[in-house]
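Remarks on the structure that follows.
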Amino acid sequence: MEADLKRIYRLAQRREKDNRNFLRWLKYRHSWTKRQVMALQQELSERVWAEIDCRDCGNCCAGMQLQLTGHDCAQVAKALGMTTDEFNKQYTEKHGDGYWYLREQPCSFQKNLMCTIYEDRPSRCSGFPYLDMPILDDMAGTLDKVLYCPIVFNVVEEMKAHPDLRRQKRRKRYRRRSDE
Ligand code: SF4
Ligand code: SF4
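What follows is the structure in structure tokens.
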């Protein structure tokens with residue numbers, strides 16, 4: 000399993016086209032149902048989560064502009080001993096989509112790769128990298144996360160290497176060639 004962040008970034012850049020083609024193929028051309036793909040994704044996610052330690056990474060906290068709901072703002076404000084207004088004035092800006100966004104990037108609450116408000120972190124953080132949702136539903140997001148999240152990178156790599164999927168891909172290639 001690959002855990003070196005620099006290497007992951009390099010490999011993901013190099014394999015971007017291959018990953019895009021694989022995800023498209025999996026979404027539009029393979030014979031597995033969405034449920035089968037999701038079952039494999041969940042199985043691989045559990046295996047990868049068990050081996051990757053987020054405390055050695057912190058890339059998502061450093062890289063994303065954190066989106067907060069009103070509930071998130073109130074929760075984090077309370078954890079910091081502030082009113083929601085004080086918190087919003089100091090840390091966030093409201094955008095036209097109705098959400099608040101943390102002004103600072105990397106996240107103001109990340110210290111030494113750790114979250115200083117872990118128990119009260121916003122929902123966007125606790126759900127990251129959202130592998131409870133099908134990665135094929137947001138291919139652009141998946142390809143982006145492959146660049147910096149070792150969990151998503153390894154899940155996609157393991158999917159590509161899965162024997163049943165490889166076998167199917169080879170068969171399709173063969174069929175295409177014999178049709179020509
Ligand atoms: S969820 Fe992914 S990007 Fe975020 S800290 Fe964990 S491994 Fe790193
Ligand atoms: S609130 Fe915590 S988990 Fe969320 S981005 Fe900031 S440091 Fe990371």
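0 is the number of the first residue of the sequence shown in numbering that gives the first Met the number 0; add one for each residue after it.
No residue lacks a Cβ here, since even glycine has one placed at the ideal position from N, Cα and C.
This structure is a prediction, so every number in the text was calculated from the model and none was measured.
query, result
"Residue nearest to Ser44 in terms of C-alpha spacing, selected from Gln12, Asp163, Glu156, Pro162", "Glu156"
"Extent of the continuous beta strand (DSSP E) run through Tyr27", "Not the beta strand (DSSP E): Tyr27 falls in the alpha helix (DSSP H), residues 15-27."
"C-beta contact flag for Gln66 and Pro133 at 8 Å", "no"
"Where the alpha helix (DSSP H) through Trp48 begins and ends", "33-50"
"Touch test, the stretch 85-95 against the stretch 24-36, Cβ-Cβ under 8 Å, three pairs minimum", "no"
"Cβ shell of Asn87 (< 7 Å), same chain only, five flanking positions each side left out", "Cys72, Trp99"
"Chain-order list of residues whose beta-carbon lies under 8 Å from that of Thr115 (same chain, five-residue window excluded)", "Phe108, Gln109"
"CB of Ile150 within 8 Å of CB of Pro128, strictly", "yes"
"Exercise answer, beta-carbon shell around ligand 1 heavy atoms below 7 Å", "Ile51, Cys53, Cys56, Gly57, Asn58, Cys59, Cys60, Phe127, Pro128, Tyr147, Cys148, Pro149, Ile150, Val151"
"Alpha carbon of Ala61 to alpha carbon of Lys144, nearest angstrom", "13 Å"
"Euclidean distance between Cα positions of Asn58 and Tyr117", "15 Å"
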